[in-house]
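These notes are about the structure you will find just below.
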Amino acid sequence: MLVFAKIKSVQQKIKSLKKGTSIGFVPTMGALHKGHLSLIEQAKKENDIVVVSIFINPTQFNKQEDLVNYPKTIDSDLSLLKSVYCDIVFTPSAEEIYNNNIISQLFNFDGLEHQMEGKFRDGHFDGVGTIVKRLFEIVTPTKSYFGEKDFQQLQIIRKMVEKNQIHTKIIGCEIYREDDGLAMSSRNSRLTKEHRAIAPFIYKTLKKAKKEFGIKNAQEVISWVENEFKKQPLLELEYFEIADEETLHPIKNKDPKQKYRAFIAVFAGKIRLIDNISL
Ligand code: AMP
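One rule links them: number in my numbering = place in the sequence shown (from 1) + 268.
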């Protein structure tokens, strides 16, 4: 496994690969867990080599506190990556990426950016677009792997690739969960014992909402979920929405031709957790 911190060195290595070598790319912010590894394993199967980037991108954090507290576990990340036979790891510094000018490019994602997370995390998706576009330019991946855990992000990246005619195929990967259903996340390690114990309630409620969606209208399902969370003092619901998978617009009337997904954001103490389920 080769580890590069400099853009020039990783580019040099990629340029030296035999023509036609397919590159699978998995961008991450580190603090790796089995969810990340599932993306890497899929990338391994579908490509000649796999590149993983580890970069805590400052421009996608709307709260400085979250950036400062983001878990940093580079040594265990590298041993996990070795254990799944990752070929190349790219670990740039913020200076290497942003050249002392830590600002986002501004994007138009045709409105995808204004829904859900966009309402609560100002500038987040401009930050995501900025870093992912830059990483695509550096790594030139054949296929790039993103988790459905961050479904809105996945759709936004698809939009960015389409609008900017970037030559990489975006692959969405299923959400990897703990045995009790909690979606794996680097933030889970920061939950208190009590919050960790109650957190599986989020996915349990999503699964019940999916069932309810079969027999009730969307507004009834939304009210039911909001009510469930009111009974749960340790969890604070930020939003629950049912939206069209393509446009991410909130559902008005159920159209059997459309695909819908339920999206949720919840505070467990100070830790913000997100999840979603296809309906
Ligand atoms: P992060 O390091 O949290 O920015 O995540 C890097 C990539 O891993 C993103 O594409 C995430 O959507 C994906 N990811 C994170 N957690 C999971 C999970 N539990 N299941 C599937 N993909 C995930």
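No residue lacks a Cβ here, since even glycine has one placed at the ideal position from N, Cα and C.
Candidates the options: closest to residue i by CA position
i	options	result
residue 411	476, 276, 541 and 313	313
residue 304	391, 458, 451 and 331	451
residue 317	343, 285, 347 and 306	285
residue 481	541, 521, 444 and 417	521
residue 537	462, 513 and 479	462
residue 525	534, 535, 512 and 300	512
residue 300	449, 351, 489 and 406	351
residue 509	489, 307 and 499	489
residue 425	544, 380 and 498	380
residue 295	386, 390 and 404	404
residue 467	340, 337 and 535	535
residue 447	471, 459, 441 and 458	471
residue 315	347, 485, 437 and 335	437
residue 545	297, 434, 443 and 363	443
residue 457	474, 361, 338 and 431	338
residue 518	359, 293, 326 and 385	385
Range covered by the beta strand (DSSP E) that runs through residue i
i	result
residue 357	356-358
residue 504	503-512
residue 271	270-272
Terminal residues of the alpha helix (DSSP H) in which residue i lies
i	result
residue 445	Where residue 445 is concerned, there is no enclosing alpha helix (DSSP H), given that its DSSP letter is neither H nor E.
residue 490	486-498
residue 366	362-366
residue 471	469-483
residue 337	332-337
residue 523	Unbroken run through residue 523: none, as it is neither H nor E.
residue 301	Unbroken run through residue 301: none, as it is neither H nor E.
residue 278	275-283
For residue j and residue i, believed in contact at Cβ under 8 Å, the rounded distance
i	j	result
residue 281	residue 371	Contact doesn't hold; Cβ gap of about 29 Å is too wide.
residue 397	residue 414	Contact flag wrong, Cβ pair sits at about 13 Å.
residue 365	residue 345	Wrong, their Cβ atoms sit about 18 Å apart, outside the cutoff.
residue 377	residue 388	With a Cβ gap of about 16 Å, residue 377 and residue 388 do not count as contacting.
residue 547	residue 530	6 Å
For residue i, the residue or residues it bridges with in DSSP
i	result
residue 528	512
residue 541	534
residue 296	322
residue 451	445
residue 518	511
residue 317	291
residue 546	529
Q.
Please give me, in chain order, every unbroken run of the alpha helix (DSSP H) with length at least 4 that falls completely inside the region 379-444.
A. You should have 385-388, 392-407 and 419-431.
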